[in-house]
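Chemist:
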Amino acid sequence: MFQKFTSYLSALVFALALTACATPGPGEVEIRSGVIEQITVVDMQSNHTPGIGAVVGGLAGLGIGSLIGGGTGRDVAMVLGTVGGAVAGNAVQKRYEKPVQGQQIIVRTTSGVLVSVTQPTNAGLRQGQRVYIEGSGEDARVVAR
């Protein structure tokens, strides 16, 4: 009975060791190879954090308003500077929130699995080209071989 238990335990440890070797760990990049089946032009959302323009503008306005006058006048200048800076910062950010042109690339890996990756436009990629898929999930990128 004890010998059977140690055999199962050894098999389990061996399986876990193989699994640990097969999956990429932190800092490692998973790379798969394949052929591009299809490329479709898509609009991607910008990578700017919403609201950050208003916050930065408001802080800048507050800082500038604090340099004006003294007493109640300074308080009013700080409030107006904060509001004005927030409005201006929000307007500047909206200019950069426009969608960015990208590509949805469908790759058939060497194992036969179809993988879809959406990334910024890469003019060097074309249908039928042999490529690598670096990474996984939202961090995956298709690059030429």
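Position one of the sequence shown corresponds to residue 5 (the working numbering), numbered consecutively onward. For glycine and all other residues, C-beta sits at the position ideal for the given N, C-alpha and C. Since the structure is predicted, the reported quantities are computational estimates derived from the model, not experimental observations.
Can you name the residues that DSSP bridges to residue 101?
Modeler: Bridge partners of residue 101: none, in fact.
Chemist: Between residue 108 and the rest of its own chain, which residues show a CB-CB distance below 7 Å, the 5 nearest in sequence each way excluded?
Modeler: Hits under 7 Å: 44, 46, 120 and 122.
Chemist: Helix, strand or coil for residue 34 per DSSP?
Modeler: DSSP places residue 34 in coil when its eight states are reduced to three.
Chemist: Do the CB positions of residue 89 and residue 64 come within less than 8 Å of each other?
Modeler: Result yes, Cβ atoms of residue 89 and residue 64 sit closer than 8 Å.
Chemist: Can you tell me whether residue 72 is helix, strand or coil according to DSSP?
Modeler: Residue state, collapsed to three classes: coil.
Chemist: Please report the distance separating the alpha-carbon of residue 85 from that of residue 62.
Modeler: The alpha-carbon atoms of residue 85 and residue 62 are separated by roughly 7 Å.
Chemist: How about residue 138 and residue 145: are their beta carbons less than 8 Å apart?
Modeler: For residue 138 and residue 145, yes; Cβs fall inside 8 Å.
Chemist: Who are residue 48's beta bridge partners in DSSP?
Modeler: In DSSP, residue 48 forms a bridge with 104.
Chemist: If you follow the beta strand (DSSP E) that residue 118 is in, where does it begin and where does it stop?
Modeler: Element bounds for residue 118: 118-124.
Chemist: Is there a C-beta anywhere in chain C that falls below 8 Å from the one on residue 39?
Modeler: Among the protein chains of the structure shown there is no chain C, as only one such chain exists.
Chemist: Considering just the uninterrupted stretch of the beta strand (DSSP E) at residue 142, what are its terminal residues?
Modeler: Here residue 142 belongs to no beta strand (DSSP E), and DSSP marks it neither H nor E.
Chemist: Check whether the Cβ atoms of residue 97 and residue 67 lie closer than 8 Å to each other.
Modeler: Not closer than 8 Å, so no.
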